[in-house]
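These notes concern the structure reproduced below.
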Ligand code: B12
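Residue numbers (my numbering): 939 to 1284.
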């Protein structure tokens, strides 16, 4: 009961992927039944709260993907309706989320091919789903960077999977897979994927696999010897914290009110260490709580104010006015940084 819909969906996908040759047999029907209920609860929440799911579209996509692969029930017209590319849930602060839409493409491709095989889909829904996929892929490709990344380094693996399974929806010359792959391989040796979740999200694409493969009868271990990405040891996966101290500015911003403090932390510290130090020095202004998640500590409350998916609020992390693409547990701060946690809507 404590799992969110997407966490359960991921667990089902993981169990499916681990079906070894000797076959641990798992009774999926109970798990899939639970997932159906959690997916319904997401839709109900959207109906009651201005289209906001309990979690996120990333998780709804995981739900549909797992239900599709593991023969669960879901309504195809509903899927066609909620996954419209213009939906606000594909955006955070008006920034298109490549991760979210990549996951949606995987789910839609699955629904399309499964139901088509079984002649279960009517032409209107099929056309809608086709159009959604086409538009989402176009938007993902529009987020391609000069060095071939799709969105940022942490969305690239999922976007690669989406592009693998949707090659009928774009022209070959719109994406040079090798360029993307080479940039990812270079970043591996620089420790970009030292977090298990980050590694798990990039690995399938590097193996030429996608989440649509998980219910195939493959063993967990692929043919040995053919997997040799990097022989180099990653350079410094966790930043070395040295004895010397640096000074950084830290502020909590709520609407137009800003409370600022200068704190001293050890060189090599991360954002979270700064928050802890500020809290130690002034618990009234700088108290916070964090929850451990698959990406590390997620800041849930600051000064008792709690993030809430129903009104799309959260604590945004910024440095020198820029939205960070790393979390509080991994962003290494530098002397003089202007760090900020800001009460925001996405
Ligand atoms: C949805 C989402 C959000 C939502 C979360 C609330 C919601 N409505 O669910 C919002 C928009 C609020 C959000 C905020 C942030 N996010 Co975000 N988010 C995602 C996304 C698209 C899906 C997460 C998910 O549902 N996973 C599936 C479920 C089953 O797994 P889960 O572990 O239970 O999911 C929870 C955590 O992932 C947590 N979460 C979401 N984002 C982040 C970021 C960090 C650093 C941490 C520790 C936790 C966390 O919220 C999820 C729901 O509870 C991922 C994309 C991805 N590739 O994973 C990015 C992603 C995880 N987010 C990212 C970032 C950077 C952030 C922010 C730090 C941005 C900022 N500058 O403020 C903040 C977090 C600040 C804080 N308070 O600690 C990066 C992390 C990269 C990294 N190397 O650390 C990702 C990978 C996106 C990307 N490609 O850059 N996020």
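Every residue gets a Cβ at the ideal spot worked out from N, C-alpha and C, and that includes glycine.
Note that this is a predicted model, so its numbers are computed, not measured.
Using a Cβ distance threshold of 8 Å, residue 1003 and residue 949 do not count as a contacting pair.
Contact annotation, residue 1284 with residue 987: C-beta distance approximately 14 Å; criterion of less than 8 Å not satisfied.
Relative to the Cα of residue 1105, the nearest Cα in the group 1123, 1131, 1087, 1068 belongs to 1068. A Cβ-Cβ separation of about 11 Å leaves residue 1087 out of contact with residue 1124 under the 8 Å criterion.
Straight across, the Cα-Cα distance linking residue 977 with residue 1131 is about 30 Å. Collapsing the DSSP output to three states places residue 1064 in a helix.
Less than 8 Å divides the Cβ of residue 1075 from the Cβ of residue 1107. If you check the CB distance, residue 1208 and residue 1257 do not come in under 8 Å.
In this structure residue 1007 touches residue 954 by the C-beta definition: roughly 7 Å separates them, less than 8 Å. Around the beta carbon of residue 1078, a 10 Å sphere encloses 16 or more other beta carbons of the protein chains shown; the residue is thus reported as buried. The three-state secondary structure of residue 1197, taken from DSSP, is strand. Excluding residues up to 5 positions away in sequence, nothing lies with its Cβ nearer than 6 Å to the Cβ of residue 1055 in the same chain. Following the DSSP letters along the chain, one finds residue 1083 in no beta strand (DSSP E), marked with neither H nor E. Scanning 1191, 1194, 1199, 1193 for the CA closest to the CA of residue 1185 turns up 1199. Under the three-state reduction of DSSP, residue 1033 is assigned to strand.
With fewer than 16 other beta carbons inside 10 angstroms of its own, residue 941 counts as exposed. Each residue's CA atom was taken as its position, placing residue 1205 and residue 1271 some 8 Å apart.
Look at residue 1202 here: in three-state DSSP terms it is strand. Under the DSSP definition of a beta bridge, residue 1261 partners with 1256. Under the three-pair Cβ rule at 8 Å, the stretch 1081–1098 counts as touching the stretch 1134–1146. Secondary structure at residue 1243: strand, using DSSP grouped into helix, strand and coil. Just so you know, the alpha carbons of residue 1148 and residue 1044 end up roughly 8 Å apart. The Cβ neighbour count for residue 1070, taken over all protein chains shown within 10 Å, is at least 16; the residue is labelled buried. Taken from the Cβ of residue 1109, every heavy atom of the ligand B12 lies 7 Å or farther away. Residue 1062 has its alpha-carbon roughly 44 Å from the corresponding atom of residue 1235. Within 10 angstroms of the beta-carbon of residue 1013 lie fewer than 16 other beta-carbons, which makes it exposed. Residue 1187 and residue 1194 have their alpha carbons spaced roughly 18 Å apart.
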